[in-house]
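For the sequence shown, the working numbering begins at 875 and goes up steadily by one. Ideal Cβ positions, reconstructed from N, Cα and C, are used throughout, including at glycine.
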Amino acid sequence: MTENLQETTRAQRDEFIAAEKVRSNEIQKYVAAAIDRLSTAVAVVGFLGPIVSMANSEIDHRSSFYIVQSTIMTSSVVLSYGLHLYGRIQLTRGLE
875 MTENLQETTR
885 AQRDEFIAAE
895 KVRSNEIQKY
905 VAAAIDRLST
915 AVAVVGFLGP
925 IVSMANSEID
935 HRSSFYIVQS
945 TIMTSSVVLS
955 YGLHLYGRIQ
965 LTRGLE
């Protein structure tokens with residue numbers, strides 16, 4: 875009787891551990907997807923925003939305006955790529 879109880883307890887523990895691992899994987903996938911969506915938003919806003927601003931301007935801007943816009947575009951692409959890599963790391967960590 876004791877052995878049967880121990881086997882049942884062990885089976886329940888193993889089932890709980892498996893369920894917890896599945897839950898953890900799903901959370902990691904959700905976090906990775908959210909970070910990847912954020913990286914896409916940063917790329918779109920930070921890269922296309924200055925392009926639209928420069929294309930729609932009727933005012934003759936100084937060269938410093940274009941330098942600032944180029945800096946914004948470059949930094950947004952770098953930040954977006956960094957967020958994408960971080961999301962990938964989170965996904966890899968979740969699938970281990």
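Inset, instruction - Could you check the C-alpha separation between Ala929 and Ser913 for me, to the nearest Å? - result: 24 Å
Inset, instruction - Indicate whether the contact test is met: 3 or more Cβ pairs, each with one atom in the region 938–950 and one in the region 916–924, closer than 8 Å. - result: yes
Legend entry - Alpha-carbon to alpha-carbon, Tyr955 and Ser898: 25 Å
Legend entry - Contact set for Ala906: own chain, Cβ-Cβ below 6 Å, skip 5 residues either direction: Gly961, Gln964 and Leu965
Legend entry - Proximity below 8 Å, CB of Val916 to CB of Leu959: no
Legend entry - Buried versus exposed call for Ser950 [16 or more other C-beta atoms within 10 Å across all chains shown]: buried
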